[in-house]
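Have a look at the structure below before the remarks.
Protein chains in written order, with my numbering: chain C, 2 to 362; chain Y, 131 to 448.
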């Protein structure tokens, strides 16, 4: 790095346990956050609406799954459904209590997702690994079926879809058709930063250590006095909370409306890709994975025609879509071969290299 | 009370009063179960030999069927197309071993699972690019598969047996028998079982892991082809089959991930209970419960027997 830790002395335990012990790291993070807020001022609504908002929302979902899969070692394929629970719960809350602040609604909807997550997390006590992954598929299919078959969830709407009504914060519309991308972006950014801060404190504290002990070997964790039932269910609850909030944000601040099909199994896989490509057990990895998996297809969609067209290979939109699938698949395999521990590990290696630069070690 | 009656009494009364309907439902469940078992078999083969939970098995089924139909559409005679498709599955097996498995040897299970996700995406894109995304008709007649149906007079009603379903059951049983003989009697089969027991020990007695993996993936590819032909003959060949293939997962965990008999018994149980559940109880909650019933059954079952019906007992040590 262009800076080293030399000369920064820690004189208290609090300083030693800080998440960012280096002054430069703190400054860097502050600069990134300020830049992220400043992005809203540029007024590039394509960038905000089509790239940044979904990127942040998927990062939040990836953090949620990472808490479960990366930190606690419980493989889950039900993320999409838990996101759906959040979205539908938020819809019910905001239509039942129109006066309630929408931000509170979104945050509260996570608790419903958490409750459902705990129910489907119960089998994790007996089964693990692939068996658990298939068990969470039960959640995926069952909940998706509920979204279709329980008309109460969509207020007996004929279309069977939920739609974000107009809601304001301090008199400015943030949800609904009239909300500008800038205000939506600011709301999403603030909530994602806040929740990431919560997650980061969780994983650095006692709870996070218990999760990691369970991940590394649950029997051993039990022997040193960690209560497995509580720890695993807490992981399911917190993870589903994050996913639920992400799902509510997805519908209310990005799509503006959704059908049950938004939360299908592909959504679950999509989030899992982000977590594994980004790096299991790393919060920054969740952001990197979301960036790569979400932004890569967008970039490919622009690059592939640009590369092929000069050769006179005018290709149809369908062909580009198929090529995109192939390239995404190939890139996933490529990344796994190059660095199975994900982008977060690459980032660490790069940082260490820069830290000792110009010497090899 | 009314609710309890309609759950616990009415369906059984219906079963008793119309046994022909019951037999028809059971038969359909059995056939679906055989086909689930065929797909699950592909998973088990690969999982036993390489420890990879091959998520791409579902798309391999679609891909194999698409290739077969695609070749035939290009004007290749049906039987030659079948042989060519088998060739394609072999090339695929070699490619997977070279490009995916070999560089990732000794990585954690989750990483290998992810790699098969990548393979799934690649095959979806590749298949659609070459053969197009629209559903296709399976070339049933050209492959000399029987069509039509027989109505049997059973227990006071007509029960309809589709010939293709009977053929599916027969062919699936044949394949399972062939695999069983192959695994227990041949040299390669024994090598496969050795690899399944322990990679390191197998390597130390001179079994080539790479070779075994190619064989296993090839075998899984052929099983996928058969499953694809059978499913394709029942509906049509499209990427929607992939969701059906996901049904193989509850079958797998019900039967135990490492057991071939488990895959078969699990498939039959899931197929039958799914059809019975949908037919007799589905209307109580609005229908469509087929999409998740299999998973819930498997889930409840796992709570009592975490390793599945025939799976190896899970022993954990610190």
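From the three backbone atoms N, C-alpha and C, an ideal C-beta is built for every residue, glycine too.
Next on the checklist: 9 Å is my cut-off, CB to CB: does residue 265 of chain Y come that close to chain C?
Outcome noted: Within the second chain, numbered from 1, the residue matching residue 265 of chain Y stands at position 135. Chain C, which has no Cβ nearer than 9 Å to the Cβ of residue 265 of chain Y, makes this no.
Checklist entry - If you pair each beta-carbon of the region 119-133 of chain C with each one of the region 225-239 of chain C, do three or more pairs fall below 8 Å? => result yes
Item to check | Backbone CA spacing between residue 338 of chain Y and residue 74 of chain C [nearest angstrom] | outcome: Taking the second chain and counting its residues from 1, the one referred to as residue 338 of chain Y is at position 208. Taking the first chain and counting its residues from 1, the one referred to as residue 74 of chain C is at position 73. When rounded, the distance between both Cα atoms is 32 Å.
Item to check | Within 8 Å of chain Y by C-beta, residues of the region 223-249 of chain C in sequence order | outcome: 224
Checklist entry - residue 337 of chain C versus chain Y: which residues are under 9 Å apart at the beta carbon? => result Counting from 1 along the first chain, the entry for residue 337 of chain C is found at position 336. Going along chain Y in sequence order, the residues near residue 337 of chain C (Cβ under 9 Å) are 230, 233, 234, 237, 241, 242, 244, 245, 248.
Next on the checklist: Does residue 168 of chain C come out as helix, strand or coil in the three-state DSSP assignment?
Outcome noted: Locating residue 168 of chain C in the first chain gives position 167, counting from the first residue. Strand, per DSSP.
Checklist entry - Under the three-state reduction of DSSP, which class applies to residue 226 of chain Y: helix, strand or coil? => result Within the second chain, residue 226 of chain Y is the residue found at index 96, counting from 1. Here residue 226 of chain Y sits in helix by DSSP.
Checklist entry - How long is the line joining the alpha carbons of residue 168 of chain Y and residue 394 of chain Y, rounded to whole angstroms? => result Translated into the one-based positions of the second chain, residue 168 of chain Y becomes position 38. Translated into the one-based positions of the second chain, residue 394 of chain Y becomes position 264. In a straight line, the C-alpha of residue 168 of chain Y is about 8 Å away from that of residue 394 of chain Y.
Checklist entry - What are the start and end residues of each continuous alpha helix (DSSP H) run of 4 or more residues lying completely inside the region 262-322 of chain C, in chain order? => result 266-279, 284-309
Checklist entry - In this structure, does DSSP put residue 186 of chain Y in helix, strand or coil? => result Translated into positions along the second chain, residue 186 of chain Y becomes position 56. It is coil, neither helix nor strand.
Item to check | Three or more C-beta pairs below 8 Å linking the region 258-265 of chain Y and the region 237-250 of chain Y | outcome: no
Checklist entry - Among C/221, C/188, C/166, C/215, which has the Cα closest to the Cα of residue 178 of chain C? => result Stepping through the first chain from its first residue, residue 178 of chain C is reached at position 177. The shortest Cα separation from residue 178 of chain C among C/221, C/188, C/166, C/215 belongs to C/166.
Item to check | Residues of its chain near residue 53 of chain C, where Cβ-Cβ distance is below 7 Å and the 5 sequence neighbours each way are ignored | outcome: As a position in the first chain, residue 53 of chain C is number 52, starting the count at 1. Here the set comprises 40, 186.
Checklist entry - Between which two residues does the alpha helix (DSSP H) containing residue 374 of chain Y stretch? => result Taking the second chain and counting its residues from 1, one reaches residue 374 of chain Y at position 244. Unbroken alpha helix (DSSP H) run through residue 374 of chain Y: 371-376.
Item to check | Under 9 Å between C-beta atoms of residue 302 of chain Y and residue 364 of chain Y | outcome: In the second chain, counting from the first residue as 1, residue 302 of chain Y sits at position 172. In the second chain, counting from the first residue as 1, residue 364 of chain Y sits at position 234. Not in contact: residue 302 of chain Y and residue 364 of chain Y (Cβ atoms no closer than 9 Å).
Item to check | DSSP three-state assignment for residue 367 of chain Y, whether helix, strand or coil | outcome: Counting from one through the second chain, the residue named residue 367 of chain Y turns up at place 237. If DSSP states are grouped into helix, strand and coil, residue 367 of chain Y belongs with the strands.
Item to check | Short Cβ contact (9 Å threshold) for residue 183 of chain C with residue 49 of chain C | outcome: The count along the first chain starts at 1 and reaches residue 183 of chain C at position 182. The count along the first chain starts at 1 and reaches residue 49 of chain C at position 48. Cβ distance < 9 Å, so residue 183 of chain C and residue 49 of chain C count as in contact.
Checklist entry - Which residue from C/299, C/101, C/205, C/144 puts its Cα closest to that of residue 15 of chain C? => result Taking the first residue of the first chain as 1, we reach residue 15 of chain C at position 14. Nearest option by C-alpha distance: C/205.
Item to check | Boundaries of the alpha helix (DSSP H) in which residue 124 of chain C is found, first to last residue | outcome: Taking the first chain and counting its residues from 1, one reaches residue 124 of chain C at position 123. That residue, residue 124 of chain C, is in no alpha helix (DSSP H); it is neither H nor E in DSSP.
Checklist entry - Shorter than 9 Å from the beta carbon of residue 32 of chain C to some beta carbon of chain Y? => result The residue you call residue 32 of chain C lines up with position 31 of the first chain. Judged by the 9 Å Cβ criterion, residue 32 of chain C is not in contact with chain Y.
Item to check | Close beta carbons around residue 109 of chain C, own chain, < 7 Å, minus the five adjacent residues each side | outcome: In the first chain, the residue the question calls residue 109 of chain C occupies position 108. So the qualifying residues of the chain are 94.
Next on the checklist: Using 8 Å as the cut-off, can you tell me whether the region 178-196 of chain Y makes contact with the region 338-355 of chain Y, which would need three or more C-beta pairs spanning the two stretches below that distance?
Outcome noted: yes
Item to check | Beta-carbon contacts of residue 214 of chain C that lie in its chain and below 6 Å, excluding the five residues immediately before and after | outcome: The count along the first chain starts at 1 and reaches residue 214 of chain C at position 213. Around residue 214 of chain C: 222, 227.
Item to check | Whole-number beta carbon distance between residue 298 of chain C and residue 321 of chain C, since they are thought to touch under 8 Å | outcome: Here the question's residue 321 of chain C lines up with position 320 in the first chain. Here the question's residue 298 of chain C lines up with position 297 in the first chain. The pair is not a contact, with the Cβ atoms about 10 Å apart (cut-off 8 Å).
Checklist entry - So residue 436 of chain Y is in the beta strand (DSSP E); what residue range does that whole segment cover? => result The residue given as residue 436 of chain Y occupies position 306 in the second chain. First-last for residue 436 of chain Y: undefined, no H or E at that position.
Checklist entry - Under a CB-based cut-off of 9 Å, is residue 350 of chain C close to chain Y? => result In the first chain, residue 350 of chain C corresponds to position 349, counting from 1. It does not; no Cβ of chain Y falls within 9 Å.
Checklist entry - Hey, quick one: how far does the beta strand (DSSP E) through residue 176 of chain C stretch, first residue to last? => result Stepping through the first chain from its first residue, residue 176 of chain C is reached at position 175. Note, residue 176 of chain C: beta strand (DSSP E), 173-176.
Checklist entry - Using a beta-carbon distance cut-off of less than 8 Å, what residues from the region 34-60 of chain C approach chain Y? => result none
Checklist entry - What distance in whole Å lies between the Cβ atoms of residue 367 of chain Y and residue 266 of chain Y, which are believed to be in contact at a cut-off of 8 Å? => result As a position in the second chain, residue 266 of chain Y is number 136, starting the count at 1. As a position in the second chain, residue 367 of chain Y is number 237, starting the count at 1. About 5 Å; that satisfies the 8 Å criterion.
Next on the checklist: Output needed for residue 284 of chain C: all residues of its chain with C-beta closer than 8 Å, excluding positions within five of it in sequence on either side, in chain order.
Outcome noted: Residue numbering aside, residue 284 of chain C sits at position 283 when the first chain is read from its first letter. Cβ within range, chain order: 64, 67, 197, 200, 201, 204.
Checklist entry - Run through DSSP, which three-state label would residue 341 of chain Y get? => result Taking the first residue of the second chain as 1, we reach residue 341 of chain Y at position 211. Reduced to three states, the DSSP call for residue 341 of chain Y is helix.
Checklist entry - Is residue 320 of chain C close to chain Y, meaning its C-beta is less than 9 Å from at least one C-beta of that chain? => result Sequence index remark: in the first chain, residue 320 of chain C carries index 319 (1-based). At least one chain Y Cβ lies under 9 Å of residue 320 of chain C.
Checklist entry - At least one CB of chain C closer than 9 Å to the CB of residue 425 of chain Y: is that the case? => result Position 295 of the second chain holds residue 425 of chain Y. It does: the Cβ of residue 425 of chain Y has a partner Cβ on chain C nearer than 9 Å.
Checklist entry - So does the region 220-228 of chain Y actually touch the region 158-168 of chain Y, counting three or more Cβ pairs closer than 8 Å? => result no
Checklist entry - By how many angstroms is the C-alpha of residue 334 of chain C removed from the C-alpha of residue 357 of chain C? => result Reading the first chain from its first residue, position 356 is the one you call residue 357 of chain C. Reading the first chain from its first residue, position 333 is the one you call residue 334 of chain C. Each residue's Cα considered, the two are about 31 Å apart.
Item to check | Sub-9 Å separation of residue 429 of chain Y and residue 380 of chain Y beta-carbons | outcome: Counting from 1 along the second chain, the entry for residue 429 of chain Y is found at position 299. Counting from 1 along the second chain, the entry for residue 380 of chain Y is found at position 250. Yes; because the gap between Cβ atoms is below 9 Å, this pair is in contact.
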